[in-house]
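As structure tokens, the structure follows; a few thoughts come after it.
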Amino acid sequence: MVCDMAIAANNVFRALADPTRRAIFERLTRDGEQTVHALTARAGVSQPMVSKHLSALKRARLVRPRRKGRETHYQARPEALAPLVDWIGDYGVFWENKLDLLGDVLERMDK
Amino acid sequence: MMTTESATRTIVVEREFPHPPEKLWRALTDSSVLAQWLLKNDFTPVAGHAFRFRRDPMPGWDGVIDCKVVAVDPYKMLSYTWVAFGLESVVTFRLTPIEGGTHLRVEQSGFRADQEAAFKGSYYGWRGYLGGLERVVAELK
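Protein chains in written order, with our numbering: chain A, 1468 to 1578; chain B, 138 to 278.
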């Protein structure tokens, strides 16, 4: 499970490292479901590029496609950001535990 | 005490120790003492020095944390980068003398500027479920 979380976090970080992909994800989060056409109109890059970015976001499970008539609509899946939340939580616990150990080590250093 | 500041994605852990800053500084900067409470390492308190911490390997990760010393201000402040799972963060220790001991503040900023922007941009979209998720995760442990 730890391993799955690490891989999932990696995919999410990688997908969001690109500014265009991040902008697409943010728009879907903010404005709701949209078609590739609508996204292309404001993305500042070509439609094939937008489609490519959407594929990367889909692999990271950050967006969900939905076929409607002749067009595919994309929806943000903000719950896919969960691995980031886990990362924050894990490190909080990590440092609490380490500072407990530090306290013990400091006691021993007295002697 | 631990707080996770949602807006900046920074972990802050604070603790008071009944020991002088000089002693705490040794525990933070002497590689062998550091290994006793944090992780195995080849740390040297010299700005620019690259070093590694090692955690137990797990599938998909060799357990290596790549670091580089950012700043060293003896008995007051120590800061280094902390890169694991491809995520770059910065860990900063701040020591403040208090009566009868030292206040230690550990801060880990988990996002580069671009990752942080991504996080802030989508934050409001999922903050509603965050509280519930954190409770679930806490119960899993």
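Even for Gly, the Cβ is constructed at its ideal location relative to N, Cα and C. Every value quoted in this text rests on a predicted model; they were computed, and no experiment measured them.
Considering only V220(B), G185(B), V201(B) and G200(B), the residue with the shortest C-alpha distance to V207(B) is G185(B). At a C-beta separation below 9 Å, F154(B) has these neighbours in chain A: L1566, L1569, G1570 and L1573. If the five residues before and after R1531(A) are omitted, its C-beta is found closer than 6 Å to the C-beta atoms of Q1542 and R1544, all from its own chain and listed in chain order. Counting along the chain, K213(B) sits inside no alpha helix (DSSP H), nor does DSSP assign it H or E at all. Under the three-state reduction of DSSP, P155(B) is assigned to coil, being neither helix nor strand.
If you draw a 10 Å sphere on the C-beta of L1568(A), you find fewer than 16 other C-beta atoms in it, and that means exposed. In summary, no residue of the region 1506-1534 of chain A has a CB separated from any CB of chain B by less than 8 Å.
Per DSSP, the continuous beta strand (DSSP E) segment holding S246(B) begins and ends at G238 to S246. For the pair R231(B) and V150(B), the Cα-to-Cα distance works out to about 11 Å. The Cβ-Cβ distance between K1565(A) and L215(B) does not fall below 7 Å. A1527(A) is positioned such that its CB atom lies closer than 7 Å to that of N1478(A). Contact between T1539(A) and V1512(A) is ruled out by a C-beta separation of about 17 Å, above the 8 Å threshold. Close partners of L175(B) in chain A (Cβ separation under 7 Å): K1565. For L232(B), there are no C-beta contacts with chain A under 9 Å, since the nearest C-beta of that chain is about 12 Å from it. Rounded to the nearest angstrom, the gap between the Cα atoms of T218(B) and E225(B) is 7 Å. The Cβ neighbour count for Q1514(A), taken over all protein chains shown within 10 Å, is under 16; the residue is labelled exposed.
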